[in-house]
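What follows is a short report on a single structure.
In this note's numbering, the protein residues as written are 1 to 183.
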């Protein structure tokens, strides 16, 4: 794992995080791969202490029968309390959740009465750039530079860790993880 990073799971199972060489990597030669099976597996820089700013990563879901998802976590307190936005190639959507005491629930997209994230083309075996911008209770989500939606929530208001996330049997590659505080 990169220096200063921690790994863990929310729920059951076991994660298998490793840095591996990958020909398709946007920033050659290596990527971070998660290939274990866990309810939710995460790798995070828990000492990042980001409250407002942005978090961005390139994801490449390369396998999984139950799920093919990759995402970003932020304002993480521990293994059971954080925000997550994930892109899922099998479902063809991007959804933002909060995980509180280990229970994940989706958050309502701003200016819509009902809904579960948004439909989005998330290709399998291709790189996509996922980004979330954080400003107080407002979160703005982008996929490949296109703004998808905004969500407001005040569950976690303090600064916290940032990282990457997968679900179930997803085999996902991550590269070019960056984050920054609001200037």
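Every residue gets a Cβ at the ideal spot worked out from N, C-alpha and C, and that includes glycine.
- When rounded, the separation of the alpha-carbon atoms in residue 38 and residue 169 is 7 Å.
- Residue pairing from DSSP places residue 104 in a beta bridge opposite 99.
- The C-beta separation of residue 149 from residue 110 comes to about 7 Å, placing the pair in contact by the 8 Å criterion.
- By the CB criterion at 8 Å, residue 124 and residue 73 fall outside the cutoff.
- Beta-bridge partners assigned by DSSP to residue 50: 160.
- Burial is judged here by how many other beta carbons sit within 10 angstroms of a residue's own beta carbon; residue 19 has fewer than 16 and is exposed.
- With contacts defined as CB atoms closer than 8 Å, residue 94 and residue 117 qualify as a contacting pair.
- By the criterion of a C-beta distance shorter than 6 Å, residue 140 is surrounded in its chain by 133, 150, once the five residues flanking it on both sides are discounted.
- With respect to residue 92, residue 119 sits close: the two C-beta atoms are nearer than 8 Å.
- Two segments are said to touch when three or more pairs of C-beta atoms, one from each, lie closer than 8 Å; by this definition the segment 73-83 touches the segment 45-64.
- In the three-state scheme derived from DSSP, where H, G and I count as helix and E and B as strand, residue 109 is classed as coil.
- A check of alpha carbon separations from residue 40 across 144, 85, 11, 89 identifies 11 as the nearest.
- When 146, 173, 155, 135 are compared, the shortest CA-CA separation from residue 181 is found for 135.
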